[in-house]
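Engineer:
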Amino acid sequence: MARYNPKEVEPKWRRRWEDREVFRTRDDAARPKYYVLEMFPYPSGRIHIGHVRNYAMGDVVARYKRACGFNVLHPMGWDAFGLPAENAAMQTGAHPEAWTRKNIADMRAQLKALGLSIDWSREFATCDVEYYRWQQKLFLDFWKAGFVERRESYVNWDPVDMTVLANEQVIEGKGWRSGAVVERRKLNQWVLKITDNAEDLLAAIDDGRLKDWPENVRAMQRNWIGKSKGARFRFRFAPGTPAPAGFDGVEVFTTRPDTLFGASFVAVAPDHPLAAHFAASDPSLAAFIAECQKSGVSAEAVETAERKGRALPVEVSHPFVKDRTLPVWIANFILMTYGTGAIFGCPGHDQRDHDFATRYGLPIIPVVLPEGEDPQTFSVAKEAFTGDGALYNSGFLNGLSVEAGIEAAIARLEQQGVGRGETQWRLRDWGVSRQRFWGCPIPAIHCPTCGVVPVPEKDLPVKLPEVAAEEFKTPGNPLARTPAWLNVPCPDCGAAARRETDTFDTFVDSSWYFARFAAGRPDRPVDRAAADYWLPVDQYIGGVEHAILHLLYARWFARAMTATGHLSVDEPFRRLFTQGMVTHATYRDSRGQWLFPEEVVIEDGRARHAATGDAVEPGPVEKMSKSKKNVVAPEVIADSYGVDAARWFVLSDSPPERDVEWTEAGVNGAWKLVNRIWDLAEPHKGALAGLRPPAGSSELRRATHAAIAGVTDDIEHFRFNKAIARLYEFLNVLKRADAAAEADRAEALHALVRLIAPFTPHLAEEVYEHLGGQGFVCDAPWPKADEALLVKSTVVLAVQVNGKRRGEIEIAADATTAEAEKAALALEEVRRHAAGGVKKVIVVPGRIVNIVAA
RNA sequence: GCGGACGUGGCGGAACUGGUAGACGCAACGGACUUAAAAUCCGUCGGCCGAAAGGCCAUGGGGGUUCGAUUCCCCCCGCCCGCACCA
3 MARYNPKEVE
13 PKWRRRWEDR
23 EVFRTRDDAA
33 RPKYYVLEMF
43 PYPSGRIHIG
53 HVRNYAMGDV
63 VARYKRACGF
73 NVLHPMGWDA
83 FGLPAENAAM
93 QTGAHPEAWT
103 RKNIADMRAQ
113 LKALGLSIDW
123 SREFATCDVE
133 YYRWQQKLFL
143 DFWKAGFVER
153 RESYVNWDPV
163 DMTVLANEQV
173 IEGKGWRSGA
183 VVERRKLNQW
193 VLKITDNAED
203 LLAAIDDGRL
213 KDWPENVRAM
223 QRNWIGKSKG
233 ARFRFRFAPG
243 TPAPAGFDGV
253 EVFTTRPDTL
263 FGASFVAVAP
273 DHPLAAHFAA
283 SDPSLAAFIA
293 ECQKSGVSAE
303 AVETAERKGR
313 ALPVEVSHPF
323 VKDRTLPVWI
333 ANFILMTYGT
343 GAIFGCPGHD
353 QRDHDFATRY
363 GLPIIPVVLP
373 EGEDPQTFSV
383 AKEAFTGDGA
393 LYNSGFLNGL
403 SVEAGIEAAI
413 ARLEQQGVGR
423 GETQWRLRDW
433 GVSRQRFWGC
443 PIPAIHCPTC
453 GVVPVPEKDL
463 PVKLPEVAAE
473 EFKTPGNPLA
483 RTPAWLNVPC
493 PDCGAAARRE
503 TDTFDTFVDS
513 SWYFARFAAG
523 RPDRPVDRAA
533 ADYWLPVDQY
543 IGGVEHAILH
553 LLYARWFARA
563 MTATGHLSVD
573 EPFRRLFTQG
583 MVTHATYRDS
593 RGQWLFPEEV
603 VIEDGRARHA
613 ATGDAVEPGP
623 VEKMSKSKKN
633 VVAPEVIADS
643 YGVDAARWFV
653 LSDSPPERDV
663 EWTEAGVNGA
673 WKLVNRIWDL
683 AEPHKGALAG
693 LRPPAGSSEL
703 RRATHAAIAG
713 VTDDIEHFRF
723 NKAIARLYEF
733 LNVLKRADAA
743 AEADRAEALH
753 ALVRLIAPFT
763 PHLAEEVYEH
773 LGGQGFVCDA
783 PWPKADEALL
793 VKSTVVLAVQ
803 VNGKRRGEIE
813 IAADATTAEA
823 EKAALALEEV
833 RRHAAGGVKK
843 VIVVPGRIVN
853 IVAA
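The numbering of the first sequence is our numbering, which starts it at 3 and goes up by one.
(1) Could you tell me which of M164, P491, H568 sits nearest to D529, measuring between CA atoms?
(2) Using a threshold of 8 Å, state whether the C-beta atoms of A822 and V845 are closer than that.
(3) Please name the residue in E663, V662, L773, A521 whose C-alpha comes closest to that of T27.
(4) Measuring CA to CA, which of E459, P458, T484 is closest to A470?
(5) What is the DSSP secondary structure of N56, reduced to helix, strand or coil?
(6) Can we say the stretch 74–91 touches the stretch 671–679, given the rule of at least three CB pairs closer than 8 Å?
(7) Which of the three DSSP states is assigned to L537 in this structure?
(8) Decide if the stretch 407–418 is in contact with the stretch 448–467; the criterion is three or more beta carbon pairs, one per stretch, under 8 Å apart.
(9) For D390, which residues in the same chain have their Cβ closer than 6 Å to its Cβ, ignoring the five residues on either side in sequence?
(10) V801 and E810 look like a contact to me (Cβ under 8 Å); what is the Cβ gap, rounded to whole Å?
(11) Give the C-beta separation of M222 and D273 to the nearest angstrom, bearing in mind that I take them to be a contact with Cβ-Cβ under 8 Å.
(12) Under 8 Å between the Cβ atoms of E573 and A560?
(13) By Cβ distance below 6 Å, which residues in the same chain neighbour L765 in space, the five residues on each side in sequence not counted?
(14) Run the CB neighbour count on A741, radius 10 Å, all protein chains shown included, and call it buried at 16 or more, exposed below.
(15) Report the rounded CA-to-CA distance for G615 versus P86, giving the unit in angstroms.
(16) May I ask which residues mark the beginning and end of the alpha helix (DSSP H) holding K14?
(17) For D431, does the count of other Cβ atoms within 10 angstroms reach 16, so buried, or fall short, so exposed?
(18) How would you label N105, buried or exposed, when you count the other beta carbons within 10 angstroms and need 16 or more for buried?
(19) Under 8 Å: do the stretch 541–551 and the stretch 222–233 share three or more Cβ pairs, one atom per stretch?
(20) Provide the residue(s) that pair with Y37 in DSSP beta bridges, ordered along the chain.
(21) For R326, tell me which candidate among T360, P365, G343, A313 has the shortest Cα-Cα distance.
(22) Report yes or no: do the stretch 691–698 and the stretch 708–725 share at least 3 C-beta pairs separated by less than 8 Å?
(23) Give the range of the alpha helix (DSSP H) segment to which K2 is assigned.
(24) Use the C-beta contact count for N73: other C-beta atoms within 10 angstroms, 16 or more gives buried, fewer gives exposed.
(25) Can you check whether the CB of W192 is closer than 8 Å to the CB of I447?
(26) For a minimum of 3 consecutive residues, which ranges assigned as the beta strand (DSSP E) are wholly contained in the stretch 560–587?
(27) Could you check whether the Cβ of A635 sits closer than 7 Å to any heavy atom belonging to the ligand NAD?
(28) Just to confirm, is the Cβ distance from F358 to G347 under 8 Å?
(29) Specify, as a first and last residue, the run of the alpha helix (DSSP H) that D357 falls within.
(30) Hey, out of R436, F778, L827, D163, whose CA is closest to V183's CA?
(31) Taking only three categories from DSSP, how would you classify V172?
(32) Please name the residue in E375, T102, T388 whose C-alpha comes closest to that of Q353.
(33) Give the range of the alpha helix (DSSP H) segment to which N670 is assigned.
(34) Could you tell me the distance, in whole angstroms, from the CA atom of S266 to the CA atom of G401?
(35) What residues in its chain sit with their C-beta under 7 Å from that of Y6, if we drop five residues either side in the sequence?
(36) Are there 16 or more other CB atoms within 10 angstroms of the CB of K630, so buried, or fewer, so exposed?
Structural data, given as structure tokens:
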């Protein structure tokens, strides 16, 4: 028997697919389209097993949809700008572009070796001038449409990467990439006004437009956008206190204006202007403010920080109660960046205010009475009550619910002319300026007389200049040191001017690549007709680490591109799937050094060092990472088992949304499977030649059609592990079907080869050819299950007595309830267990018979 | 603290809208083939009692609804993820 040799077979089929341009996609309005997209990779230089899993999933869907008759778009490209290229330049002296291009070439070869059904003719990198020039055009259109602003603002400055970070890129006060503690700096920034769309970005999460997104991602986006409805209003300074010059009271934001009668103080942030005003003449206040600003923003610091404050020498009037005044404090738990940087404290119904009031002896007044509580005995002395109830101690609000109270309070504030209802957002506008070289230049020119002017469209692209590799060894941005590029005449007045030296955040690059894949054109960003055909992406697949940033920005870009006439979709990704990670065991030697898996041998369940024989300490199973050395190289796996086995394994063991642990035993099992399929098909050379549709019902035919129905349903629902389990079941039946009729066997093999094709495409082609199939199996139509063969003529029903299984009966599928009952009661075991008499019999046709006995 | 997901054999995991818990795979064990090993093939495989037939227990724990609960409801416990002094 010929052995299956993936080393020969796999490259052979990849060559044939490529020679025949099998996966080349053409726009074809007559056919239904299906756009499958996996998040494109950053060209780090090597693919890892996580990529294999991600792209294998997309490939299963793409190949399956192709077979179902869809015109499938499945492209690939490179998220190619960004800091690592500049870091590499600093360390190795390679130019960022050369480094990036080399990495792309390496990774392209590795990805191609996976046998993915990708239309490589659409490939591009975001650092291609032909891509980023159209990004500049989009930016100019956005600018014209009013979506762009230049703002001087405090920014998050990463002192290691020497660049600005978006809020989203600051994690627990540290840079998302460098891990350095982020500083605050004031800079002029280019800003995309994504908050203008906050309402719609939020509404789409819950109005059905994102119904096929995972719940956790929708929740994260909802949190991030962070809508809170409430009131903004002004406390006037109380008569008799010295009103500070230049201030017109204290403006606060609250979501609970209904609790205003319970207010016992007003508090402002340490960096609030009012605090600064008083600190100027009071060193102890200034010291307190400095202390607040020093305290960390880490989770622990926040968790353990005490509520602290200092009273200011000023009081304000209560807007609803004549002659009632409230003290004004600086408090360390008030954020200047949210709302107005000032609040009123209602200790009875907010725990933070309660802590503060307790510490400083401020009054605690309950104003919300939970249902069923007695106003005489109800107390908030120990803990704030934040739930719903009826308002009391609250003047004109008495008796109202919290919700009605909020409305009534806002109405009164408006009537008094001190405030209004307002919605606050946690979402901030998107600062897109980066002080880096390796990015898309922002097409703007700074003129001393005309100010900031857009680069005229006819002058696009603004190309990155040629810069010597050594330039990157000097900190800072080489663009600012390249006079030939930097100095240009002003497009408006012709005077000497300078180019903008900031480049775009790379999240801009990845915000519209999906549209460029679908509808790229040499003369514009996207072709509207092609975009209308292909978009939205039907299935988007990627890691959950992009749940907020990338996905939110891309959603906004789709809206902005639609508003500027480039697209007609607001939501770019109809279905989203976030796959789990690939994990691997970790190992350390006796000195605590991490070891590569291949350095470790497992004997009798104990880990030893392969070379020295020393004992090895097994660590936890973790996400593969270079630092812990728990990585396996895809090409090594492909070399020993073939990529089909690797693809099969990463999909077989766990549900796709969950992490999967990479084990040698697991991939070895997949390798055995590949061989089993080949060995099973090998003796039946040419079996498909005289293929005639068989008639009648046999065990093999029923198994064949059950497998077709099951695998189809599982792929449709992204349950690849279950699809694979069903294929195993089918194989087990097929293997034992020695006595099956030739026609039945041929039908089974024909179904099998098409069902495995999305998972193990090379093997499927080889088997298909061997069996005498015509053309490519990847072009063959998806098999269709015969409903008649899925219906069983007899069924086995479990028989329970008092809910406990006591036996089973085999009975005609269309047997009546009475017949089933009779057969069940005739069982010996049933008679024994129901000796005391039968009270009732429940028959669920096709399922179960349950006898209720005395 | 808020939000989301989850908890089933030695392991990864199945179980459609409540209806035979443990499909399928891995590991392990026994056997066949082999000089031997690998590969392959056959078989066993949740726990306890039992020679067997069979019985009892069992889906994190405790209650409830139901003829029947891994599935629905309530209360706990544990783990993972995201956000976090957001007023």
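Every residue gets a Cβ at the ideal spot worked out from N, C-alpha and C, and that includes glycine.
Structural biologist: So, to answer that:
(1) H568
(2) yes
(3) A521
(4) T484
(5) helix
(6) no
(7) coil
(8) no
(9) V404
(10) 6 Å
(11) The pair is not a contact, with the Cβ atoms about 29 Å apart (cut-off 8 Å).
(12) yes
(13) D646, V676
(14) exposed
(15) 38 Å
(16) 8–21
(17) buried
(18) buried
(19) yes
(20) L75
(21) P365
(22) no
(23) Shown here, the chain extends from 3 to 856; a query on residue 2 therefore has no answer.
(24) buried
(25) no
(26) 578–581
(27) The model depicted lacks the ligand NAD and carries no ligand whatsoever.
(28) yes
(29) 353–362
(30) D163
(31) strand
(32) T388
(33) 666–683
(34) 21 Å
(35) V676, N677, W680
(36) buried
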